[in-house]
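A.B. asks: The working numbering applies: residue 9 is where the sequence shown begins, and numbers increase by one.
From the three backbone atoms N, C-alpha and C, an ideal C-beta is built for every residue, glycine too.
Being a predicted model, the structure only gives us computed values, none of them experimental.
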Amino acid sequence: LQRSHVEEDQSASDEDDYVPYVPVKQRKKEMLEKVMRLRGKGQMEEEQKDSGGEQRDEDEGLGPRSNVSLLDQHQHLKEKAEARKESAKEKQLKEEEKILESVAEGRALMSVKEMAKGITYDDPIKTSWKAPRYILSMPRARHDRVRKKYHILVEGEGIPPPVKSFREMKFPQAVLKGLKKKGIVHPTPIQIQGIPTILSGRDMIGIAFTGSGKTLVFTLPIIMFCLEQEKRLPFYKREGPYGLIICPSRELARQTHSILEYYSKLLEDEGAPQLRSALCIGGMSVKEQMEVVKHGVHMMVATPGRLMDLLQKKMVSLDICRYLALDEADRMIDMGFEEDIRTIFSYFKGQRQTLLFSATMPKKIQNFAKSALVKPITINVGRAGAASLDVIQVIREGRSEDGLSSRVLAENPSTKRLTISSYRGQSPWSRVKSCSGTQW
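1. Between the beta-carbon of M298 and the beta-carbon of R284, is there less than 9 Å?
2. Might you give, ordered along the chain, the residues of its own chain that have their beta carbon closer than 7 Å to the beta carbon of D327, omitting 5 neighbours on each side?
3. Assuming S208 contacts W137 (C-beta within less than 8 Å), just tell me the rounded distance between them.
4. Going by C-alpha to C-alpha distance, which of H84, I133, P312, T196 sits closest to G344?
5. Is A333 near F174, with beta carbons less than 9 Å apart?
6. Please report the distance separating the alpha-carbon of M292 from that of G279.
7. For E165, which of helix, strand or coil comes out of DSSP?
8. Using CA atoms only, rank isn't needed, just tell me which of R339, A139, A149, I213 is closest to G164.
9. Could you check whether Q361 and R210 sit closer than 9 Å to each other, using their CB atoms as the reference points?
10. Which of the three DSSP states is assigned to Y331 in this structure?
11. Comparing the CB of R240 with every heavy atom of the ligand MG, is any distance shorter than 8 Å?
12. In angstroms, rounded to a whole number, what distance separates the CA positions of K156 and R150?
13. Going by the CB atoms, is the gap between G248 and C329 shorter than 9 Å?
14. Considering only the beta carbon of each residue, do I215 and A377 sit closer than 9 Å?
15. Considering M340, what are the terminal residues of the alpha helix (DSSP H) in which it resides?
16. If you reduce the DSSP assignment to three classes, tell me which class F174 lands in.
17. Along the chain, where does the beta strand (DSSP E) that runs through G251 open and close?
18. Are the beta-carbon atoms belonging to I230 and Y331 less than 9 Å from one another?
19. Check whether the Cβ atoms of I160 and I387 sit closer than 9 Å, and answer yes or no.
20. So, helix, strand or coil for T196, using DSSP?
21. In angstroms with no decimal places, state the Cα-to-Cα distance between M146 and I385.
22. Roughly how many angstroms separate the alpha carbons of A261 and D338, rounded to a whole number?
23. Alpha carbon to alpha carbon, how far is V301 from Q282? Give it in angstroms, no decimals.
24. Is the beta carbon of G186 sitting closer than 9 Å to the one on K383?
25. Answer yes or no: do V309 and L363 have a C-beta to C-beta separation smaller than 9 Å?
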């Protein structure tokens, strides 16, 4: 009996000490789960500590302060809330601007047909003009010396040689006489390199200071190209323009148009065919502007807004336009005409020679050049944005009621241009600036 009792006690104790067998795979899994739980718990505690600290900081900012009145605290909190709201709005606006810029830059300066068919141009337009043979036969070192002498910086492939006289550029006698009447005997640096480049049919980016004579760089070649086309095959009704010049302002467009008319009239007087030029700007009757187009127009000078309106109404066609000049392209982009220019480019039907003239070379102009120009030549003369040394500028300051403008004109009867400008705001002071010197 005693032995059986002892055996029963031993069996009971064995049952209490029994540990069930767990496979190694299961034990590893349980251990891994335990480690992950401990790790997650530690991270949660750290996050709670951080959030608690932030909450305490916020509470400290929001809580009452003994040295500041409740009204001042309320005003302070209100200003902080408004600042947060403004920063969120600014962030959203910046994001929207970035999206719009990426969309605008993604659109290439190409016609609808070119974009639809994936047409790209690898070679510039061919023209019949060539520099004199003796200039072409000169060594490259001579051309480099000329550019260095006149401070002409040139970049690009296959750069035409600089030509130092209008006669060597092969302009007709009527044009040479007209230049002489205006007091223009020798070409300026931008004209020495720019005119041969354009007459060769090359796309070009011209960067030159104000008053450097860059207007003649693109007006004289367009006249010669249109004269050549008219002699080959006369323009009929509602045909044209062959050459298009886009300007940012009405005043600049008027000035450019007057130059075209001046030299066209001189050529006509010498027996050349009549060249018609149209001025399409705001503030003028559309009916008057269309009178020239109805008879066939060779050249057109326009502002972006009016030109786009005429194109959308199908009153003007760019089917045969092969010459495009953008004067003061940087200013047009600054004035918000970038999208208008892209729309105008979509109306072209074939390859064209494109010229960009700019006082500066911002990134947007570079993007324009990449998508629109074929192997462009960049010509940089002088310091971009600087005033011309050939123009004497006299600035006099006085009150608007003093009749200063009439006194300036009386003292300087040879004054060609008088500019009156005022400060911003309601200040009574005015600045009167009279300029004398070359007009173009």
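C.D. replies: In short:
1. Position 290 of the sequence shown holds residue 298. Position 276 of the sequence shown holds residue 284. Against a cut-off of 9 Å, the Cβ pair of R284 and M298 comes out as no contact.
2. For the purposes of this step, residue 327 is identified with residue 319 of the sequence shown, where counting begins at 1. So the list reads K357, once near-sequence residues are dropped.
3. To locate residue 208, count along the sequence shown from 1; it is residue 200. To locate residue 137, count along the sequence shown from 1; it is residue 129. Right, their Cβ atoms sit about 6 Å apart.
4. Locating residue 344 in the sequence shown gives position 336, counting from the first residue. With distances taken between Cα atoms, G344 lies closest to P312.
5. Mapped onto the sequence shown, residue 333 falls at position 325. Mapped onto the sequence shown, residue 174 falls at position 166. Going by C-beta atoms, A333 is not nearer than 9 Å to F174.
6. Residue 292 sits at position 284 when you count from the first residue of the sequence shown. Residue 279 sits at position 271 when you count from the first residue of the sequence shown. Distance between the alpha carbons of M292 and G279 is about 32 Å.
7. As a working note, residue 165 is residue 157 in the sequence shown. Coil at E165, not helix or strand.
8. Here the question's residue 164 lines up with position 156 in the sequence shown. The candidate whose alpha carbon is nearest that of G164 is I213.
9. As a working mapping, residue 210 is identified with position 202 in the sequence shown. As a working mapping, residue 361 is identified with position 353 in the sequence shown. The answer is yes: Cβ separation under 9 Å.
10. Within the sequence shown, the letter at position 323 stands for residue 331. In this structure, Y331 counts as strand in the three-state DSSP scheme.
11. Ligands in the displayed structure: none, and consequently the ligand MG is not present.
12. Here residue 156 refers to the residue found at position 148 of the sequence shown. Here residue 150 refers to the residue found at position 142 of the sequence shown. Roughly 10 Å separates the two Cα atoms.
13. Taking the sequence shown and counting its residues from 1, one reaches residue 329 at position 321. Taking the sequence shown and counting its residues from 1, one reaches residue 248 at position 240. Against a cut-off of 9 Å, the Cβ pair of G248 and C329 comes out as a contact.
14. Taking the first residue of the sequence shown as 1, we reach residue 215 at position 207. Taking the first residue of the sequence shown as 1, we reach residue 377 at position 369. No, Cβ-Cβ distance for I215 and A377 is not below 9 Å.
15. Mapped onto the sequence shown, residue 340 falls at position 332. From DSSP, the alpha helix (DSSP H) with M340 extends over 337 to 342.
16. Within the sequence shown, residue 174 is the residue found at index 166, counting from 1. F174: coil per DSSP, three-state reduction.
17. Stepping through the sequence shown from its first residue, residue 251 is reached at position 243. That run of the beta strand (DSSP E) goes 251 to 254.
18. Along the sequence shown, read from residue 1 onward, the residue named residue 230 stands at position 222. Along the sequence shown, read from residue 1 onward, the residue named residue 331 stands at position 323. Cβ atoms of I230 and Y331: closer than 9 Å.
19. Position 152 of the sequence shown, counted from the first residue, corresponds to residue 160. Position 379 of the sequence shown, counted from the first residue, corresponds to residue 387. Going by C-beta atoms, I160 is nearer than 9 Å to I387.
20. The residue given as residue 196 occupies position 188 in the sequence shown. Here T196 sits in coil by DSSP.
21. Taking the first residue of the sequence shown as position 1, residue 146 is located at position 138. Taking the first residue of the sequence shown as position 1, residue 385 is located at position 377. Computed Cα separation, rounded: 20 Å.
22. Along the sequence shown, one-based indexing puts residue 261 at 253. Along the sequence shown, one-based indexing puts residue 338 at 330. Computed Cα separation, rounded: 16 Å.
23. Start at 1 with the first residue of the sequence shown, and residue 282 comes out as number 274. Start at 1 with the first residue of the sequence shown, and residue 301 comes out as number 293. Taking the straight line from one Cα to the other gives about 14 Å.
24. By 1-based counting over the sequence shown, the position of residue 186 is 178. By 1-based counting over the sequence shown, the position of residue 383 is 375. For G186 and K383, no; Cβs fall outside 9 Å.
25. What you label residue 309 is simply residue 301 of the sequence shown in a count that begins at 1. What you label residue 363 is simply residue 355 of the sequence shown in a count that begins at 1. In this structure, L363 does not lie closer than 9 Å to V309 by Cβ.
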